[in-house]
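To start, the structure itself, in C-alpha cells.
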Amino acid sequence: MSDTQIDIKKYLRTQFFPQMWCPGCGHGTVMGALLRAIGDLGLDNDDVSVISGIGCSSRISGYLDFNTAHTMHGRALPTATGVKLANPNLKVIVPFGDGDSTAIGGNHLIHACRRNIDITAIVMNNRIYGMTGGQYSPMSGPGVKASTAPYGVPDRAFDLMELVKGAGATFVARTTVYHAKEAQNTIKKAIEHKGFSVVEILSQCPTQFGRKNKTGEAPQMMEWYKDNTVPMGSKKLEENPDLIQRGIFVDEQVPEYCEVYQANVIDKVMKKG
Amino acid sequence: MTKNIQFIPGSDACIEGALYAGCDFFAGYPITPSSEVAEGLAAELPKRGGKFIQMEDEIASMACVIGAALAGKKVMTATSGPGFSLKQEGIGYACMTETPCVIANIQRGGPSTGNPTHVAQGDTMQARWGSHGDHSIIAMTASNLQDIFKITVEAFNLAEQYRTPVILMFDEATQHLREKVIIPEPGEIEVIDRIRTKIPVGEQYYPYRTDENGQRPMSDFGAGHRFHVTGLHHNLLGFPDVSPENVNALIHHLVEKIDNKANELARYKEYYMDDADYVIVAYGTTTRSAIQAAEDYRNQLGVKVGVLELQTVWPFADDIVREKCANTKAVIVAEMNMGQIVNEVRRVVTQPEKVFFSNRVDNQIIKPGDIKAALKMITGKGV
Ligand SMILES: Cc1ncc(C[n+]2csc(CCOP(=O)(O)OP(=O)(O)O)c2C)c(N)n1
Ligand code: SF4
C-alpha cells in the first residue's frame, strides 16, 4: 500500500490537537510512522491497545484513537502485560521514552524480553528527559550536557540493542526519525512479529538535548542521524566504528508467553480436571 | 445438599473468597506472609480458565492487575510490608483512574523488612494515606476465617461497585491460623459484577460520567468503546484537563464517592454490646483477645464489657463508632501498633478523654491478659 492510500486520520483523536510536543520534536514523526505501519497492516482501531508511561514521548497514547492508557512513569510494560494477558486478541503497543523504558522501567523491560510476551515496545530515544527539563538518561552517554550534568554525563550509556538482545527479546531493531519510511516498515514488522519486539527510534529533542548540546535545530539534528547512522554491516563501519547501526538485529521465533500459558498451564489443567 | 466444609488456613479462606467472587486474574511477587495466597491462586486460577502471573516486583504486579482490570478481568494482588509500600503509586493510579482491584496486604512487623514471620497491624494508616494526594480508599479486615472468606467476597463486590481499589488488611496470625470454614453454595452470598456501559458501540462513551443510578458504567479494552485512561487529572472522557473547576470536581468525586457512603460501607460486629458499660474497639486478630477479655470480665466480675469489631477500617465509620461508644464509661482501643485507629476513635467520640489504648509491638499478638490489664487500670477491678 502506498502512503497516499492510508488515511492515518482515522487513528487520531483530532479533538485532542494541537498536541503538546515542541515544534521540531521528533516524537510526531514516530507517531506518523506508527500509524502508517498500523494502516499498512490494515488494523482496525479496536484491534489495537496503546499503553505508554510518563514523559513527552508517552503523551502519544492520548492522541491515538485506540484503547489507550497513559500509566505511571516506568510502568507501561507491566500494565501492558496485564492488558495483553487478559485479552491476547489485542495488538498491544508500548511507545515510551528512553528514560521511561531503560531507567525507571529498566527492570520491567528486561523481564518483558525474557517472557517473550507479544507486545511491541517502541523506544523513542532522544537521549534526554524532555518532559522534566533535560536531565540525563541512561541513554545520554558520556560527555552529554544535561541539566543534571552541567559538566557532562559521567556514566556510560546502554546499548539498547545489546541490552534487549541479552534479555531475550525476539525482535530487535533500530532506526531514526530521519529514516521515516524505514521506521514505518520496521514498526510494521515488529507488530507482525509474534513475541516481544523492541524498536529503538532515535528522535530529536531540540528543546532540551539540542540546546544544551549545541546540536542545532531539528533539521540539523535529523541530518546528524543521516550522517551518523548506517545500515547494519555497512562498509562505512570499517572506516568509522563509531557510526550507529540501523536495521533488524534479531528476528526469531520463540514460543510466546500468552500462548505458552494457555497451552501449557490452562489447557493442561482443564483437560486433567 | 452436603455443605462444603473445610479445615483450612486463613490464606485459603482468602483464596476461596476470591474464587467465589469470580477473581480471574492475579499478578504478584512473593513476600512472607502473603505468598500462600499467590501460591494457592497459581494452582486454582488456571483450573477455571483464569490467569496467574508472577511479576518481577510488586510495582509490576500492581500495574499488571490494573492493565488486566482495564481489559475486563476481576483482579487481585497480594503482598506484605515492603511490598505494600512499593504498590502505593499504583494504588493511587487505580484510585485516580477508578479501576477496580483488590490488594490483600497480609500485615507483618515493620517498619522496613521488620519481622516477616510475626504479626502486626502497623499498616493501618498506610492503607489510608500511603498513596500521595487526596483520595479515599476502602480497607477491610476480619478476625476469623469464615469472616475472611466473606470479607474477601465483599472486597471484590465493593471494588467493582465503587470502581476503586479495595485493600484487605489481614494479618499474619489469621493467615496462618486454621479453622473450619463453610464455603457457601453459589448464590448464597451476593456476587456483584462490574457494571458495564449500555451505550452501543459507535456512540460516544464517557468512561467517567455518572449515570442516573449514581454509577459510572465501565467498558473493557477491546470491547469496542475506545477510551483513554490517564493518571493525570482528566475530564469525563478521560482526557487530561487541569482546569480548576475540573480538578476540584474530580477530587471531590474521588473522595466523596466513598466517604459519603461510610455508614453503608461499614461492616462491623458487636459482641455483648447491648448493655456494655465498657467498650473494646478492635479489628483483625486483636478482636479475638478482646472477646475473651470481655467474657472473663462479665463471667468472673459481672463487669459489663462489650466489643465493637471493625471490619471496614476505611472509610472510618465515624457515626457508628461515636454512637456505639456514646453511653459507656470508657473505651479501650486494642491494636498491634503504636497507635493508629485509636486516634480515629478519639477523633469521633464525644469524650476523647475516655479513650484508652492497649497495644503490643513485640511480635506477639495482644493477649486477653493485655486488655484485661487495661480494664483493671480503668475499672479498678481485675481478673
Ligand atoms: C515515579 C516518577 N518519578 C519521576 C517522575 C518525573 N518524570 C516525568 S517524565 C520523566 C522523564 C521522561 O523522560 P523520557 O522517558 O526519556 O521521555 P521524554 O520526555 O524525553 O520523551 C520523569 C523523570 C514521575 N512522573 N514519576
Ligand atoms: S521537550 Fe523535547 S521531547 Fe519534549 S516535546 Fe519538546 S522537543 Fe519533544
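If you're matching them up, the sequences are chains L and B in order. Counting from 108, one number per residue, gives the positions in the first sequence under this note's numbering. Counting from 669, one number per residue, gives the positions in the second sequence under this note's numbering. Every residue, glycine too, gets a C-beta built ideally from N, C-alpha and C. For clarity, every value in this text was computed on a predicted model and none was experimentally measured.
query, result
"Could you name the residues whose beta carbon sits closer than 6 Å to any heavy atom belonging to ligand 2, keeping them in chain order?", "L:Trp128, L:Cys129, L:Cys132, L:His134, L:Cys163, L:Asn233, L:Gly237, L:Met238, L:Cys312, L:Pro313, L:Thr314 and L:Gln315"
"If you follow the alpha helix (DSSP H) that B:Arg776 is in, where does it begin and where does it stop?", "Counting along the chain, B:Arg776 falls outside any alpha helix (DSSP H), and DSSP gives it neither H nor E."
"What residue range is occupied by the uninterrupted beta strand (DSSP E) comprising L:Pro338?", "Thr336 to Pro338"
"What residues from chain L crowd round B:Gly758, counting only those whose CB sits closer than 8 Å?", "Met179 and Arg182"
"For ligand 1, is there any heavy atom lying closer than 6 Å to the beta carbon of B:Ser799?", "no"
"In or out: B:Trp982 buried (at least 16 other Cβ within 10 Å) or exposed?", "buried"
"Is there contact between the segment 920-931 of chain B and the segment 951-963 of chain B, where contact requires at least three CB pairs shorter than 8 Å?", "no"
"Which value, in whole angstroms, describes the spacing of the CA atoms of L:Ala219 and L:Ile229?", "13 Å"
"How would you label B:Met1045, buried or exposed, when you count the other beta carbons within 10 angstroms and need 16 or more for buried?", "exposed"
"Does any CB atom of chain L fall closer than 7 Å to the CB of B:Tyr688?", "no"
"Closest to L:Ile226 by CA distance: which of L:Gly131, L:Lys379, L:Gly149 and L:Val199 is it?", "L:Val199"
"Just to confirm before moving on: does the CB-CB distance between B:Ala689 and B:Phe895 stay below 7 Å?", "no"
"Mark B:Val910 as exposed unless 16 or more other C-beta atoms lie within 10 angstroms of its C-beta, in which case mark it buried.", "exposed"
"Select from B:Ala762, B:Ser753, B:Phe752 and B:Arg716 the residue whose C-alpha is nearest the C-alpha of B:Val733.", "B:Ala762"
"So B:Val897 and L:Ala176 are supposed to be a Cβ contact under 8 Å. How far apart are they, rounded?", "4 Å"
"Is B:Tyr936 closer than 7 Å to B:Leu978 when the C-beta atoms are compared?", "yes"
"If you measure beta-carbon to beta-carbon, which residues of the segment 869-899 of chain B are closer than 7 Å to chain L?", "Phe889, Gly890, Gly892, Arg894, Phe895, His896, Val897, Thr898 and Gly899"
"Any heavy atom of ligand 1 within a distance shorter than 6 Å of the CB on L:Ile161?", "yes"
"Sorry if obvious, but does the Cβ on L:Gly354 come closer than 6 Å to a heavy atom of ligand 1?", "no"
"Assuming B:Glu847 is part of the beta strand (DSSP E), what are its boundary residues?", "Arg846 to Ile851"
"Starting from the Cα of B:Thr700, find the closest Cα among B:Glu840, B:Ile816 and B:Glu856 and give me that residue.", "B:Glu840"
"In the DSSP assignment, find the beta strand (DSSP E) that holds B:Asn914 and state where it starts and stops.", "That residue, B:Asn914, is in no beta strand (DSSP E); its alpha helix (DSSP H) goes Pro912 to Asp927."
"Which class does L:Cys312 belong to by DSSP, given the choice of helix, strand or coil?", "coil"
"At least one CB of chain L closer than 7 Å to the CB of B:Gly735: is that the case?", "yes"
"Kindly examine ligand 1 and report whether one of its heavy atoms sits closer than 6 Å to the Cβ of L:Asp262.", "no"
"Taking DSSP's pairing of strands, which residues face L:Arg318 in a bridge?", "Paired residue(s): none; L:Arg318 is not in a bridge."
"State yes or no: is the beta carbon of B:Glu724 nearer than 7 Å to at least one beta carbon in chain L?", "yes"
"Do B:Thr745 and B:Thr710 count as a contact pair if the criterion is CB distance below 7 Å?", "Thr is not the amino acid found at residue 710 of chain B; the sequence shown has Ala there. Against a cut-off of 7 Å, the Cβ pair of B:Thr745 and B:Ala710 comes out as no contact."
"At which residues does the alpha helix (DSSP H) containing B:Gln829 begin and terminate?", "Leu813 to Tyr830"
"Within a Cβ cutoff of 8 Å, which residues of the same chain sit near B:Val971, ignoring the five residues on either side of it in sequence?", "Asp945, Tyr946, Tyr965, Leu1043, Thr1047 and Lys1049"
"Taking the alpha carbon of B:Val859 as the reference point, which residue from B:Leu918, B:Thr980, B:Val821 and B:Thr792 has its own alpha carbon closest?", "B:Val821"
"Using CA atoms only, rank isn't needed, just tell me which of B:His901, B:Leu922 and B:Gly906 is closest to B:Val912.", "The residue asked about is misnamed: residue 912 of chain B is Pro in this sequence, not Val. It is B:His901."
"Return the chain-ordered ranges of every beta strand (DSSP E) run that is complete within the segment 672-704 of chain B and spans a minimum of 3 residues.", "672-677 and 693-696"
"Please look up how many angstroms separate the CB atoms of B:Gly760 and B:Ser799, rounded, as I've assumed it's under 8 Å.", "3 Å"
"Would you mind telling me which residues of chain B sit closer than 8 Å to L:Gly169, beta carbon to beta carbon, in chain order?", "His896, Thr898, Phe907 and Pro908"
"Please state whether the Cβ-Cβ distance between B:Thr953 and B:Ile1033 is less than 7 Å.", "yes"
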